[in-house]
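Everything on this sheet refers to the single structure shown next.
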Amino acid sequence: MKRGLIQTQVVFQKNQNPPRCTMINSQKAKANINRLLRMLYKHINMDQYLALNNDVYLAGMHPLHHIIKHAWSENRKISPNTNMINFLAANPLIFDNIRSINDSMHMMYVDEIFIRDNAYRHGNDVRFIGYFESKLGLGIAAKNTIDCYRLISNKFSIYPYNNAALNRFESKYLPEKYNTHSHHKINVFELGLDNIEHALENVSKTSSRKMYNVLKLYWELSEIPEEKIEALTKYDEIWVPSKFIYDAVVKIYNKKVFIIPPFVDIERQKHFKRNHFRMSKDLFYFLFSFDYNSSIHRKNPLAVIKAFRSAFPDNQSVRLILKSNNPKDAAIDSDFVESLKSFDNRIIFIEDYLDRSSMLSLIKCCDCYVSLHRSEGYGMGMAEAICLGRKVVATNYSGNVDFINNSNTFAVDYRLISINDGEYLLSQGKHWANPIHDSAVKQLRLAYNDKANLFDKLTQRKKLYRTEIPTKAAIAKMIHKRIVAIKSDNDFV
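Listed below in structure tokens is the structure:
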């Protein structure tokens, strides 16, 4: 093999266990090989070995495999100041074990350990599957998951899943990380409930070998529909965004379930002021945002309009902005969309697609974010508003209860009601909240009148203000902790 001088970017996790021999009948031989692997892993920095011997990485060979099979006879460098002969002279027990393996049939077993599953062939053993290329909330969530994980490790692949979203294409995301064909030990699917069968079936075609499949699930109701229970059981583990969805899943799923909230990313490449959106500096703006494809009944814009008009029947110093996506693409009566616009000339509709910087700037430019939702799996819009220091008026129900409190939200009371046929997918016999109109009116007025009390205090206590919304580093640790635990709990090599 030719020796290369190119510096490799592969990261060998310091807390990763070395491969283990599990298939040899001779217990003594098995013990010797496992002991040798542990000793080599303890004494040699695998990142450094790959950097000094780049041809090993390019050949897709595990560094431990190469050290045992070739490094001793080729006298490879194992550190900038040490070659293999000097290392073996200082460690005679390791030398005896390597020589014994090379002089016996046991080398075939060492080969099998690494050949049967070598993550270095594509550099990664974790693959994230999701709507990375799509203009969807799920797409933003998937990209934010990667942003978190990259704080800990760069050893991952991406599978851009696009089922039923080809018309929502935005752009490729880290295409250098794309890998849709190789075997990966761990797959993390970030999906809504509607695509869990299709995605697992397609990804399973990439390998006939064992994979550990994690579902990072988004769902909006307090119960899992019966027709999806069997599909959920095909996943080895489920991550959910909130206690609300956790309670729904553990009722019907007897494997591991963990709460890992989505990362609320409020960083912007551009910062736009009110004049960019033609907003007056003298008016008070409420903002409500929704996607027509996310169920008009669940998002409940009509309740927001009615509460706004009741709260401020004659007040010309307030405005309500309704930011919507896909009014023309949604499977909804166009007359209904137009009827929303006829209520009040103080209500401003923004239907154009806004990129992340523009959308976050719009939230920041408004005084108060409103969500009179009937149910939310998490409530990203509310979380973004809180992290941006905006007031929030919201239904005190479902996933957002994890992070709203008296310090950051004017909570709206509700009653549970049955979901009518056709109002939401897979919802027969299910319930959700109906925000109480009078409570919504009261809280809108409180938010408007509280111009120099609660809000000023909150901006001075930002840690308290968003205390229940985890940082990027915190979520990175949650994800990494589960990945490490999965590797240690399962016989992955």
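Just so you know, the sequence shown maps onto residues 7 to 499 in my numbering.
By construction, the Cβ of each residue, glycine as well, lies at the ideal position given by its N, Cα and C atoms.
{"query": "Can you list, in chain order, the residues of its chain with a C-beta nearer than 8 Å to that of Asn201? Leave out the 5 residues immediately preceding and following it.", "result": "Tyr167, Asn169 and Ala170"}
{"query": "Could you have a look at Ile222 and say whether DSSP puts it in helix, strand or coil?", "result": "A quick correction: the sequence has Lys, not Ile, at residue 222. Here Lys222 sits in strand by DSSP."}
{"query": "What are the complete alpha helix (DSSP H) segments, minimum 4 residues, inside the stretch 344 to 393?", "result": "362 to 371 and 386 to 393"}
{"query": "So what's Val132 in DSSP terms, helix, strand or just coil?", "result": "strand"}
{"query": "Can you name the start and end residues of the beta strand (DSSP E) that Ala417 belongs to?", "result": "Phe416 to Val418"}
{"query": "With Val194 and Phe134 assumed to form a contact (beta carbons below 8 Å), what rounded beta-carbon distance in angstroms separates them?", "result": "5 Å"}
{"query": "Which value, in whole angstroms, describes the spacing of the CA atoms of Asp271 and Asp373?", "result": "19 Å"}
{"query": "Give me the residue from Leu144, Lys279 and Phe101 with the minimum Cα distance to His49.", "result": "Phe101"}
{"query": "Do you know how far the Cα of His443 is from the Cα of Gly385?", "result": "20 Å"}
{"query": "Just to check my reading of the structure: Arg274 and Leu366 have Cβ atoms closer than 8 Å, yes? What is that Cβ distance to the nearest angstrom?", "result": "5 Å"}
{"query": "Which partner residues does Asp297 have in the DSSP bridge list?", "result": "Asn331"}
{"query": "Look up Glu196 in the DSSP assignment and give the residues it is bridged to.", "result": "Lys222"}
{"query": "Counting Cβ pairs closer than 8 Å, one from the stretch 247 to 265 and one from the stretch 215 to 234, do we hit at least three?", "result": "yes"}
{"query": "Where does Asn515 sit, in a helix, a strand or coil, going by DSSP?", "result": "Lying before the first or after the last residue shown, residue 515 is absent from the chain, which here runs from 7 to 499."}
{"query": "Just checking my contact of Ser413 with Glu382 at CB under 8 Å: how many whole Å lie between their CB atoms?", "result": "That pair is no contact at about 20 Å."}
{"query": "What does the alpha-carbon distance come out to for the pair Met52 and Ser213?", "result": "27 Å"}
{"query": "Using the beta-carbon count (16 or more within 10 Å), is Ile481 buried or exposed?", "result": "buried"}
{"query": "Buried or exposed: where does Thr88 fall if 16 or more other Cβ atoms within 10 Å of its Cβ makes it buried?", "result": "exposed"}
{"query": "Return helix, strand or coil for Phe250, following the three-state DSSP convention.", "result": "helix"}
{"query": "Which of the three DSSP states, helix, strand or coil, is assigned to Ala171?", "result": "coil"}
{"query": "Please return the same chain residues whose Cβ sits closer than 7 Å to the Cβ of Ala35, not counting the five positions on each side in sequence.", "result": "His112"}
{"query": "Near Leu42, which residues of its chain fall below 6 Å by C-beta distance, leaving aside the five closest residues on each side in sequence?", "result": "Asn103"}
{"query": "By DSSP, does Ile423 sit in helix, in strand, or in coil?", "result": "strand"}
{"query": "Since Trp78 sits in a beta bridge, which residues does DSSP pair it with?", "result": "Looking at the DSSP assignment, Trp78 forms no beta bridge with any residue, so it has no partner."}
{"query": "Spatial neighbours of Ala479 within its chain, please: CB distance less than 7 Å, with the 5 preceding and 5 following residues excluded, ordered by chain position.", "result": "Leu157"}
{"query": "Kindly confirm or deny that the stretch 445 to 458 and the stretch 418 to 425 touch, where touching means at least three C-beta pairs closer than 8 Å.", "result": "yes"}
{"query": "Take the Cβ of Pro98 as the centre, count every other Cβ of all protein chains shown within 10 Å, and call the residue buried at 16 or more, exposed below.", "result": "exposed"}
{"query": "Is Pro307 helix, strand or coil when you go by DSSP?", "result": "helix"}
{"query": "Of the choices His204, Lys211, Cys371 and Met217, whose alpha-carbon is the least far from that of Lys234?", "result": "His204"}
{"query": "Quick one: give me the first and last residue of the alpha helix (DSSP H) that Tyr55 is part of.", "result": "Met52 to Leu58"}
{"query": "Once DSSP output is grouped into helix, strand and coil, what is the label at Leu99?", "result": "helix"}
{"query": "Could you give the DSSP three-state label for Ile475: helix, strand or coil?", "result": "coil"}
{"query": "Taking the Cβ atom as the reference point for each residue, do His71 and Val132 lie within a distance shorter than 8 Å?", "result": "no"}
{"query": "Determine, using beta carbons only, whether Leu328 and Phe355 come nearer to each other than 8 Å.", "result": "yes"}
{"query": "If you reduce the DSSP assignment to three classes, tell me which class Thr28 lands in.", "result": "For Thr28, the predicted model reports a pLDDT of 46, less than 50, meaning its position is unreliable and no value from the coordinates is stated."}
{"query": "Pick out whichever of Pro441, Ile425 and Asn455 has its Cα sitting closest to the Cα of Ser228.", "result": "Ile425"}
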